[in-house]
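If you count the sequence shown from 1, you need to add 19 to reach our numbering.
Beta carbons are placed, not taken as given, at the ideal position from N, Cα and C, and that holds for glycine.
Have a look at the structure below, then the notes.
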Amino acid sequence: KRCVVCVDARGDIADRAWCVSELAMASHFEVQVAVAFYNVLQLPAMEEKFHRLDIRQVRCTSHEDRMTLHKFLHTLGSADEVNAKIRGLLLGWTGEYSKK
20 KRCVVCVDAR
30 GDIADRAWCV
40 SELAMASHFE
50 VQVAVAFYNV
60 LQLPAMEEKF
70 HRLDIRQVRC
80 TSHEDRMTLH
90 KFLHTLGSAD
100 EVNAKIRGLL
110 LGWTGEYSKK
């Protein structure tokens with residue numbers, strides 16, 4: 020089981036409800052996640068954004084989808100626990116790129 024996550028130049032993945040939910044599911048089901056960055060020169064900015072990731076603040080076009088995803092995320096643990104798991108997935112990869 021593997022999942023590849025592509026982070027755009029703005030790092031919107033950390034703000035989008037569907038993206039965050041899919042990362043939370045991958046973590047919950049122990050799916051191996053590989054993260055690719057559009058521009059590795061933007062890693063410091065991405066790290067900052069990932070540190071601020073909060074499932075309580077994610078956005079979604081559909082209010083109904085946002086509420087459904089919010090409920091789902093809370094079945095995986097407290098907001099702080101889920102945030103920590105998702106941050107760990109993303110920040111682990113920023114560190115890997117920084118070593119190269």
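Asked	Found
Leaving out five residues before and five after Leu88 in sequence, what residues of the same chain have Cβ atoms less than 6 Å from its Cβ?	Ala36, Ser40
Closest to Arg106 by CA distance: which of Asp73, Val77, Thr94, Met86 is it?	Asp73
Given a threshold of 16 other Cβ atoms within 10 Å of its Cβ, counted over all protein chains shown, does Met86 qualify as buried or as exposed?	exposed
Which residue from His47, Val59, Ser46 puts its Cα closest to that of Arg29?	Val59
Quick check: the Cα distance between Glu67 and Lys20, rounded to an integer number of angstroms?	29 Å
Going by DSSP, which residues form a beta bridge with Arg21?	Gln51
Applying the criterion that 16 or more other CB atoms from any shown protein chain within 10 Å of the CB defines a buried residue, is Thr113 buried or exposed?	buried
Let me know if Phe69 comes out buried or exposed under the rule of 16 or more other beta-carbons within 10 Å of its beta-carbon.	buried
Which residues in the same chain as Gln51 place their Cβ atom closer than 6 Å to its Cβ, once the five residues preceding and following it in sequence are excluded?	Arg21
Can you give me the Cβ contacts of Val77 inside the same chain, cut-off strictly under 7 Å, excluding the 5 residues immediately before and after it?	Asp34, Arg35, Ala36, Val39
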